[in-house]
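Residue 575, in this note's numbering, is where the sequence shown stops; the numbers in between run on with no holes. Backbone N, C-alpha and C define an ideal beta-carbon position, used for all residues, glycine too. This one's a predicted model, so the numbers in the text were calculated from it and none came from an experiment. One structure below.
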Amino acid sequence: MVELDNETLHAIIPHVQQLIQNVKKGGVPAYEKEVERLQSARDKFHQKGESTGSLADDQLYLILHQINHHIKVRESIGTAQHGDVLISALERELERLQQKQLSNMGKLNYAKWDNLELSDDSDIEVHPNVDKKSFVRWKQRDIHEKREMRKIERSRLEAEERTNRDLMPELARLVDETRKEGVSFYEREMKRLVAGRAERGNKDGPEGPTLDDMLLSLLLQINQEEKMKASAGTSEHAEVILSALEYHKKRLSERQNTIHEELKTMDEEDRRKITSDSLREGWSGGHVSKPDVPVENPSKKKSTTTTQHIETLNPGASNVSAGSPAEPSAKSDSDDEEAPSVTPVMKQFASLPTVLKDIPLSLTSFPDGFNPAKELKLDLFQQAFQYLGQHKELLHESYGTSDALFLQAFESQMAGQKALARMYGRAASLFLNDVLSTYANLAKRAEVLANQSKDSHDGEEQIQLMAEDPNMVITFDIPDGPPPEHITLEGEGAESMNVSEVKAWLERRWSIFNGFDPDFRAALETKQLDRVNQVLGKMPVPKAEKVVQELDQAGILNFSSTAVRDETGRS
């Protein structure tokens, strides 16, 4: 038997399962009927020199053939146990196939990553006088520019292919009608096309030349040919027209074939490399639970509080490392975010008597020796349970009960209402220790943000440098001085580089650095991100944005990863 892949196993296993059910119901005749079906199909296709036409049927036939030669199966023929022996053999074979399928699933196929082009900056060697990170950016820009040029060329070819596809039937019609009617049809068609363009004021359509405009242009081109002028008024004129039309029809067909080949070549080239453009969603799934009681989401309120705005180099980043210079206030929201609001039902639930009433607010967990059964008012749990039974919408995640109450607790703590804050604590009626620790963290965080809000300037925008990935580190590579008068390029790739361009770039790099304010240059020389951000924060936003752009242009601002890479086995 050949090695079975998962696709073949996926097709065989249901057949074997169905055959087992059929044999259990119909006995030995059901098994013999399946063998006859497979044998008949095999004989039919073998007469044509082919297989059964189905790899699954081929393998199933071989499986049943092997079962028929099992010693126990052969010994049971003609006995009452023959059916049970066949079922047992089929079940063993089914188990073997399923184990084989699981084994194949454990073998990961990495072939699809063969075309993945990785950019490993550590493998790039450049001249010492050339900034390596700038050189890498040049190469990246070159790759992206070529990719964009391919996209533009593809769009042009696809548009030409669509136009030619529409033009070919019209050109074929001209050839057929001219062959039937001769010069009269050609001249009549010419007049129709000229009159149609004259009605539009000799102007193209809103999306460029129309199909009639293209046909008219072709006929005018044919009329300017020497053979057409020489044969005018003669009996050969119709043959010359027909020959010219057929020639252009042939050229159009050849051009279509050329376009198809070029597009095919582009497709093959694109498939060689895996890029973000080739990524597609493979599959997705979801499950929505229907609520027992129709629930309407409470209205959301938008906060309009003025806040300190920090612009980062990676505006799409969703996470900010713990070392960030500034953090937004807990009460500030962007225009696109909505804070959950507390409904009257939520407030009433949070106002129920709490079992933690006698526990000091400073505790993060129960003290040693604390006995909840004796010291907590456990009957209050029943009261909360009854309330939740009457208002089941509070239990639905889409209602936002936890988020709304937690936010209300945070705001209460900020306002100094400490007891009320713990009443709103998440899961207070179920996880007592969690409530204590959650409240302690909430109180600590509220105190930190309250202190920060006192020191910050409301409404003031700042530009700050932050890395999107926690593993990324921002460093500064400042020039030591102006480039030397004479530069010599050495090393691999030096012959392809222009000395004057390299020198001009180094001079511009030094010029940009000298153009910064003295205090900012001093901050850069420390190479400390906090010091640089401190000076940036004092600049007006437009000036700070320009400074950040110049840092990037001069190759002074760099990002490096602190992640550990496994290079075991690399030569």
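- In the three-state DSSP reduction, T347 falls in the coil class, being neither helix nor strand.
- For F139, the secondary structure class from DSSP, reduced to helix, strand or coil, is helix.
- Beyond the five residues adjoining it in sequence on each side, K28 comes within less than 7 Å, by CB distance, of I91 in the same chain, given in chain order.
- Under the 10 Å beta carbon count, V503 is surrounded by fewer than 16 other beta carbons and is classified as exposed.
- G200 is bridged by DSSP to nothing; it lacks a bridge partner.
- By the CB criterion at 8 Å, E494 and H131 fall inside the cutoff.
- Our two residues, Q43 and L68, have alpha carbons roughly 11 Å apart in a direct line.
- With at least 16 other beta carbons inside 10 angstroms of its own, E397 counts as buried.
- About 13 Å separates the Cβ atoms of S80 and H73, ruling out a contact at the 8 Å cut-off.
- The C-beta distance from M232 to I226 rounds to 6 Å, short enough to fall under 8 Å.
- Listed in chain order, the non-local C-beta contacts of S239 below 6 Å within the same chain number zero, local neighbours out to five positions each way being set aside.
- Sorting L215, R201, K184 by C-alpha distance to the C-alpha of M172 places L215 at the top.
- Listed as beta-bridge partners of I81 by DSSP are no residues whatsoever.
- Excluding the 5 residues flanking it on each side, L533 has same chain C-beta neighbours closer than 6 Å at I478, in chain order.
- Residue environment for M350: buried (at least 16 other C-beta atoms within 10 angstroms of its C-beta).
- DSSP, reduced to helix, strand and coil, places E465 within a strand of the structure shown.
- Residues of the same chain with a CB within less than 7 Å of the CB of M194, apart from the 5 flanking positions on each side, are L223 in chain order.
- Taking C-beta atoms as the reference points, L528 and I467 fail to come closer than 8 Å.
- The straight-line gap separating the alpha-carbon atoms of L13 and E38 is approximately 18 Å.
- Sequence-distant Cβ neighbours of S257 in its own chain, meaning closer than 8 Å and more than five residues away, are M172.
- Around the beta carbon of N537, a 10 Å sphere encloses 16 or more other beta carbons of the protein chains shown; the residue is thus reported as buried.
- Going by DSSP, Q225 is part of the alpha helix (DSSP H) stretching over 215-227.
- Taking the Cβ atoms as the reference, Q386 lies roughly 11 Å from L356, outside the contact range of under 8 Å.
- Membership of K28 in the alpha helix (DSSP H) is indicated by the continuous run 10-30.
- In this structure, DSSP gives G404 a state outside helix and strand, which the three-state scheme calls coil.
- A contact between stretches requires three or more CB pairs, one per stretch, nearer than 8 Å, and the stretch 512-522 meets this requirement with the stretch 546-560.
- In this chain, the alpha helix (DSSP H) harbouring A242 covers 241-276.
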